[in-house]
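*Asks:* Chains as they are written, first to last, in our numbering: chain Y, 1 to 337; chain W, 1 to 354; chain R, 1 to 293.
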């Protein structure tokens with residue numbers, strides 16, 4: 001078991017390295033020029049300023065030198081300095097990451113809480129109205145464009161009904177609590193600011209629902225399919241012949257088997273949630289990594305792009321690793337010989 | 001072999017059972033009117049080829065079949081109680097407790113993610129006859145009785161850690177856990193090696209003798225059945241075509257299908273001269289969606305005569321029954337020169353006097 | 001009436017023409033509906049100039065942000081352009097992009113995956129590592145980075161999407177070829193003397209084509225969603241080309257003039273749902289397990 005983990009870790013590290021190389025090459029081999037976007041027209045026409053700017057940001061060094069600088073910095077935990085914000089990229093990421101993690105995690109929990117029971121129920125009562133409802137919901141969730149869903153939600157629940165607060169993580173009249181973890185839902189209670197806490201919760205609802213929609217669809221379908229697959233196996237027939245209650249068969253026999261593919265998918269879905277918040281954050285003005293990614297991409301802020309991609313790749317790889325390990329732990333056939 | 005206790009009231013009575021499958025491709029009349037009785041402690045064998053309906057019949061007894069299968073007619077009485085009309089909640093109490101069933105493929109019959117202990121114990125606690133603690137103790141005893149060494153560590157194991165033979169022993173333990181009155185074994189040895197086969201059959205025999213559990217053994221292998229059972233049903237095309245004690249069937253089969261089954265098996269005690277080919281039954285079983293009128297074996301029967309165009313009844317013959325016109329007399333179908341019978345359409349070994 | 005007769009009657013009704021029609025509807029009804037939707041959109045897109053009441057670029061500032069009415073069924077946008085017209089013209093872009101990305105990326109990925117899987121050895125390993133690598137990047141972020149670097153415009157965005165799209169087809173093709181390559185018919189073909197190209201193209205791929213087609217169908221919807229998302233962020237088409245994603249973006253602040261953003265998004269929803277229905281139906285049709293005996 002330890003050997004398995006170590007070999008996977010090594011493979012993962014290599015993967016991350018290659019990923020940074022790929023992004024570095026992409027970012028540098030393409031025609032766009034960050035200088036122009038950052039300096040503005042007048043300064044960009046002044047060759048002295050341009051040269052100074054290039055020198056300042058190391059853009060006049062050869063390709064491999066720049067990559068080497070980046071790599072060595074990486075090993076020291078330094079992801080470079082953002083051209084737009086003038087701050088270390090790591091600091092930028094550290095500031096924006098918690099909001100994204102908070103949003104994604106809540107969305108993930110939501111999709112699990114609704115999707116799992118729905119999928120199980122749909123499988124238990126196949127072809128009933130519950131099944132059809134579950135399949136319709138998951139289909140709409142998977143087919144609806146996130147940005148459109150966000151707009152509809154805002155328009156209906158904020159603009160029209162006034163039930164939900166507007167965009168942003170907290171209202172303008174609230175003071176953000178002192179940063180302990182970076183998570184609004186944890187820091188606010190820690191500081192005793194309970195109205196801020198509830199305000200944050202209210203602000204979380206709509207974006208979390210929007211984010212959760214697609215994942216909900218995926219989880220419902222996968223759970224349903226996995227349950228149906230498990231229910232078609234021989235051991236279910238044996239369980240019936242033993243005279244077990246139907247519920248015991250569904251939940252005690254079929255479900256543990258169905259959970260294996262669901263866990264795998266769930267892990268990947270979480271990874272996708274963490275890294276796929278761009279659209280939702282943009283619409284809800286959420287101060288998270290998604291919005292930061294978009295802004296960096298548009299302004300061609302290379303260090304920021306590189307830094308974000310590295311972090312994203314690391315997150316993906318780690319989560320994949322965790323999923324593999326948990327699968328090995330859950331499926332007795334894998335580890336015990 | 002044990003003496004059949006025919007004088008006592010039958011514990012299981014199946015009368016004119018018909019189980020049909022209503023599929024998109026037509027109605028499959030898998031079981032088309034079978035009747036038999038099972039007495040307490042008896043060992044009954046059901047033999048037939050694939051598609052004869054023997055498995056479906058067995059599953060129909062405890063209503064394990066779902067849509068598109070339906071019991072369209074007939075009755076199944078267990079201890080005098082009609083099973084075909086019971087609601088699901090009540091037949092559940094019969095399954096595993098009064099009538100238990102074990103299946104063919106031990107490799108897929110156990111849930112791979114649950115420990116053996118859990119699967120064995122739940123068979124006992126599901127019917128409220130044992131507490132969890134008592135069940136746990138009994139589980140170890142059961143495993144030991146089925147010939148599994150180190151029962152306690154076996155209980156904590158997962159199915160994939162066992163061989164096929166061991167898994168089938170676990171299945172037997174699950175089947176006998178509640179000391180059912182009847183156990184139905186659907187091809188329990190087909191997926192196993194020959195040596196393990198013998199062990200499992202011995203186990204079944206011992207359990208039948210010790211616990212008095214009636215056994216219905218289903219197989220396509222007449223040898224396996226003859227080994228264990230005191231009475232045999234031969235099924236073909238959804239019907240019972242012959243019934244009798246194994247020794248009677250072996251020495252004087254009354255239905256041509258039984259006769260062909262016997263001769264299709266290579267026998268070590270018969271020398272073969274000249275023509276060394278095995279006898280085979282030519283042709284295929286008829287389409288279960290459209291059983292032919294008249295005798296269903298007719299198209300493949302070397303002894304068919306014109307009267308076989310009418311469906312023969314299952315009549316008492318000696319100590320058993322036979323569903324063949326010509327089988328109603330001893331050696332009836334062997335006298336093929338009578339009644340203008342057709343020439344057999346397969347090569348026979350040169351017959352030697354028995 | 002005896003049980004047998006009752007059962008026979010039921011069986012007859014079951015097998016009757018009406019019964020069979022009903023059953024087909026229940027199983028493939030949704031897929032058929034999806035196909036109809038897609039066909040409708042394709043026709044509308046193809047015959048857009050003839051089907052739409054106004055030209056898509058006709059600016060009419062006086063009549064801007066008009067609610068849906070008899071004159072403008074879906075209302076007008078900020079520049080007074082007819083929303084219905086723009087939605088129908090937008091179908092052209094979305095459908096075209098979807099097909100190009102999925103078909104080109106799909107064919108390329110499939111060939112790559114199939115060849116690598118058949119060749120085995122280092123080629124297959126290299127392919128696995130490459131696709132693993134591509135999977136490290138969330139599609140939107142990678143597509144964003146490439147599109148941003150290459151410049152705005154539909155063409156560059158499509159290129160960016162192509163880079164991201166081929167790996168999943170390569171993976172699927174690889175696993176399908178793996179399951180086929182040790183089959184007897186492949187050995188037989190080799191024994192007869194057929195070369196690898198022939199075997200791959202004429203023997204293996206036809207056997208594996210089912211799941212690939214299902215993936216293509218489902219992915220068409222996905223591609224349309226991603227492209228619309230990128231357009232929403234400003235990375236896709238250049239204005240004033242009508243495109244559903246950018247239209248939603250234009251209307252995202254206009255909560256009271258909800259029609260500007262709602263209808264394009266609804267269009268996306270219906271098209272993607274259509275593809276999903278068809279894909280699901282195809283999958284059920286091809287999968288022997290799913291059939292009820």
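Beta carbons are placed, not taken as given, at the ideal position from N, Cα and C, and that holds for glycine.
The structure presented is a predicted model; accordingly, all values stated were derived computationally and were not measured.
For residue 79 of chain W, go through chain R and note every residue whose CB falls closer than 9 Å to its CB, in chain order.
*Replies:* Looking up residue 79 of chain W in the second chain gives position 79. Ordered by position in chain R, no residue passes the 9 Å Cβ test against residue 79 of chain W, which lies about 23 Å from the chain.
*Asks:* Ordered along the chain, which non-local residues of its own chain (more than five positions away) have a Cβ less than 8 Å from that of residue 286 of chain Y?
*Replies:* By one-based count along the first chain, residue 286 of chain Y stands at place 286. Contacts found: 99, 100, 103, 167, 168, 169, 207, 277, 280.
*Asks:* Please list the partners that residue 93 of chain W has in chain Y, where partner means a Cβ-to-Cβ separation under 9 Å.
*Replies:* Along the second chain, read from residue 1 onward, the residue named residue 93 of chain W stands at position 93. What residue 93 of chain W touches in chain Y: 243.
*Asks:* Does residue 263 of chain W come within less than 8 Å of chain Y when only Cβ atoms are used?
*Replies:* Start at 1 with the first residue of the second chain, and residue 263 of chain W comes out as number 263. Chain Y, which has no Cβ nearer than 8 Å to the Cβ of residue 263 of chain W, makes this no.
*Asks:* Taking the alpha helix (DSSP H) that residue 304 of chain Y falls in, what are its first and last residues?
*Replies:* As a position in the first chain, residue 304 of chain Y is number 304, starting the count at 1. Note, residue 304 of chain Y: alpha helix (DSSP H), 302 to 330.
*Asks:* Taking any Cβ of chain W, which residues in the stretch 313 to 335 of chain Y have a Cβ under 8 Å from it, in chain order?
*Replies:* Residues 330, 331, 332, 333.
*Asks:* Just to make sure I have the definition right: I need the residues of chain W whose C-beta is within less than 8 Å of the C-beta of residue 23 of chain R. Which are they?
*Replies:* Within the third chain, numbered from 1, the residue matching residue 23 of chain R stands at position 23. Those are 24, listed as they occur along chain W.
*Asks:* Show which residues of chain Y have a CB atom less than 9 Å away from the CB atom of residue 175 of chain R.
*Replies:* Along the third chain, read from residue 1 onward, the residue named residue 175 of chain R stands at position 175. Chain Y residues near residue 175 of chain R: none, gap ~15 Å exceeds 9 Å.
*Asks:* What residues in the stretch 251 to 276 of chain Y bring their beta carbon closer than 8 Å to a beta carbon of chain W?
*Replies:* Within the stretch 251 to 276 of chain Y, the residues whose Cβ lies closer than 8 Å to some Cβ of chain W are 252, 253, 256, 257, 260, listed in chain order.
*Asks:* For the pair the stretch 141 to 152 of chain R and the stretch 102 to 120 of chain R, tell me if three or more CB-CB distances fall below 8 Å.
*Replies:* With the cut-off at 8 Å, the stretch 141 to 152 of chain R and the stretch 102 to 120 of chain R do not touch.
*Asks:* By the criterion of Cβ-Cβ separation under 7 Å, what are the contact partners of residue 153 of chain Y in chain A?
*Replies:* The question asks about chain A, but that chain is absent: this structure's protein chains are Y, W and R.
*Asks:* At the level of alpha carbons, what is the spacing between residue 256 of chain Y and residue 117 of chain Y?
*Replies:* Start at 1 with the first residue of the first chain, and residue 256 of chain Y comes out as number 256. Start at 1 with the first residue of the first chain, and residue 117 of chain Y comes out as number 117. Straight-line Cα distance between these residues: approximately 14 Å.
*Asks:* So, residue 141 of chain R versus residue 293 of chain Y, is the Cβ gap smaller than 8 Å?
*Replies:* Residue mapping note: residue 141 of chain R aligns to position 141 of the third chain, counting from 1. Residue mapping note: residue 293 of chain Y aligns to position 293 of the first chain, counting from 1. Yes, Cβ-Cβ distance for residue 141 of chain R and residue 293 of chain Y is below 8 Å.
*Asks:* Please decide whether residue 124 of chain Y counts as near chain R, where near means a Cβ-Cβ distance under 8 Å.
*Replies:* If you number the first chain from 1, residue 124 of chain Y lands on position 124. For residue 124 of chain Y, the answer is no, since every Cβ of chain R falls outside 8 Å of its Cβ.
*Asks:* Buried or exposed: residue 4 of chain Y, going by 16 or more other Cβ atoms within 10 Å of its Cβ?
*Replies:* Reading the first chain from its first residue, position 4 is the one you call residue 4 of chain Y. Residue 4 of chain Y should be labelled exposed.
*Asks:* Output the distance between the C-alpha atoms of residue 146 of chain W and residue 316 of chain W, rounded to the nearest integer angstrom.
*Replies:* The residue given as residue 146 of chain W occupies position 146 in the second chain. The residue given as residue 316 of chain W occupies position 316 in the second chain. Cα-Cα distance, rounded: 39 Å.
*Asks:* For residue 142 of chain Y versus residue 226 of chain Y, is the C-beta distance shorter than 8 Å?
*Replies:* If you number the first chain from 1, residue 142 of chain Y lands on position 142. If you number the first chain from 1, residue 226 of chain Y lands on position 226. No; because the gap between Cβ atoms is not below 8 Å, this pair is not in contact.
*Asks:* What span of residues does the alpha helix (DSSP H) with residue 397 of chain W cover, start to end?
*Replies:* Coverage of chain W is limited to positions 1 through 354, which leaves residue 397 of chain W absent and any answer about it impossible.
*Asks:* Listed from N- to C-terminal order along the chain, which residues in the stretch 147 to 180 of chain W have their beta-carbon within a distance smaller than 9 Å of any beta-carbon of chain Y?
*Replies:* From the stretch 147 to 180 of chain W, only 157, 158, 159, 160, 161, 171, 174, 175, 177, 178 have a Cβ closer than 9 Å to chain Y.
*Asks:* Which residues in chain Y sit within 8 Å of residue 103 of chain W, going by Cβ to Cβ distance?
*Replies:* In the second chain, the residue the question calls residue 103 of chain W occupies position 103. In chain order: 234, 237, 238, 241.
*Asks:* Per the contact definition of three or more C-beta pairs closer than 8 Å, is the stretch 230 to 241 of chain Y in contact with the stretch 195 to 212 of chain Y?
*Replies:* No: the two stretches stay apart, fewer than three of their Cβ pairs being nearer than 8 Å.
*Asks:* Between the beta-carbon of residue 303 of chain W and the beta-carbon of residue 321 of chain W, is there less than 8 Å?
*Replies:* By one-based count along the second chain, residue 303 of chain W stands at place 303. By one-based count along the second chain, residue 321 of chain W stands at place 321. Cβ distance not < 8 Å, so residue 303 of chain W and residue 321 of chain W don't count as in contact.
*Asks:* With distances taken between CB atoms, is the gap from residue 151 of chain W to residue 100 of chain W smaller than 8 Å?
*Replies:* Here the question's residue 151 of chain W lines up with position 151 in the second chain. Here the question's residue 100 of chain W lines up with position 100 in the second chain. No; because the gap between Cβ atoms is not below 8 Å, this pair is not in contact.
*Asks:* Given that residue 258 of chain R touches chain Y, what residues does it touch there, using C-beta distances under 7 Å?
*Replies:* Within the third chain, numbered from 1, the residue matching residue 258 of chain R stands at position 258. In chain order: 155.
*Asks:* Who are the Cβ neighbours of residue 205 of chain R in its own chain at under 7 Å, not counting the five residues just before and after it?
*Replies:* In the third chain, counting from the first residue as 1, residue 205 of chain R sits at position 205. Closer than 7 Å at Cβ, skipping near neighbours: 114.
*Asks:* Looking at chain R, which residues of the stretch 6 to 17 of chain Y have a Cβ within less than 7 Å of any of its Cβ atoms?
*Replies:* Result list: 15.
*Asks:* Who are the Cβ neighbours of residue 8 of chain Y in its own chain at under 7 Å, not counting the five residues just before and after it?
*Replies:* By one-based count along the first chain, residue 8 of chain Y stands at place 8. Within the same chain, residue 8 of chain Y has close Cβ partners 321, 324.
*Asks:* Closer than 8 Å, Cβ to Cβ, to anything on chain Y: give me those residues from the stretch 116 to 143 of chain W, in chain order.
*Replies:* Of all residues in the stretch 116 to 143 of chain W, 122, 123, 126, 127 have a Cβ within less than 8 Å of some Cβ in chain Y.
*Asks:* Check whether the Cβ atoms of residue 15 of chain Y and residue 133 of chain R sit closer than 8 Å, and answer yes or no.
*Replies:* For the purposes of this step, residue 15 of chain Y is taken as residue 15 along the first chain, with counting starting at 1. For the purposes of this step, residue 133 of chain R is taken as residue 133 along the third chain, with counting starting at 1. Cβ distance < 8 Å, so residue 15 of chain Y and residue 133 of chain R count as in contact.
*Asks:* Return helix, strand or coil for residue 69 of chain W, following the three-state DSSP convention.
*Replies:* What you label residue 69 of chain W is simply residue 69 of the second chain in a count that begins at 1. Correct three-state label for residue 69 of chain W: strand.
*Asks:* Hey, which unbroken runs of the alpha helix (DSSP H) at 4 residues or more fall wholly within the stretch 164 to 232 of chain R?
*Replies:* Listed in chain order, the complete alpha helix (DSSP H) runs (minimum 4 residues) inside the stretch 164 to 232 of chain R are 184 to 192, 205 to 232.
*Asks:* Would you call the CB atoms of residue 31 of chain R and residue 280 of chain R closer than 8 Å?
*Replies:* Taking the first residue of the third chain as position 1, residue 31 of chain R is located at position 31. Taking the first residue of the third chain as position 1, residue 280 of chain R is located at position 280. Yes; because the gap between Cβ atoms is below 8 Å, this pair is in contact.
*Asks:* In angstroms, rounded to a whole number, what distance separates the CA positions of residue 260 of chain Y and residue 209 of chain Y?
*Replies:* Taking the first residue of the first chain as position 1, residue 260 of chain Y is located at position 260. Taking the first residue of the first chain as position 1, residue 209 of chain Y is located at position 209. Their Cα atoms are separated by approximately 26 Å.
*Asks:* Which residues in chain R have a C-beta closer than 8 Å to the C-beta of residue 141 of chain Y? List them in chain order.
*Replies:* One-based indexing of the first chain puts residue 141 of chain Y at position 141. Simply none; closest approach about 11 Å.
*Asks:* Any beta carbon of chain Y sitting closer than 8 Å to that of residue 282 of chain R?
*Replies:* Start at 1 with the first residue of the third chain, and residue 282 of chain R comes out as number 282. Taking Cβ atoms only, chain Y never reaches closer than 8 Å to residue 282 of chain R, which makes this a no.
*Asks:* What does a CB cutoff of less than 6 Å around residue 172 of chain Y pick up in its chain, not counting 5 residues either side in sequence?
*Replies:* Working through the first chain from its first residue, we reach residue 172 of chain Y at position 172. Around residue 172 of chain Y: no qualifying Cβ.
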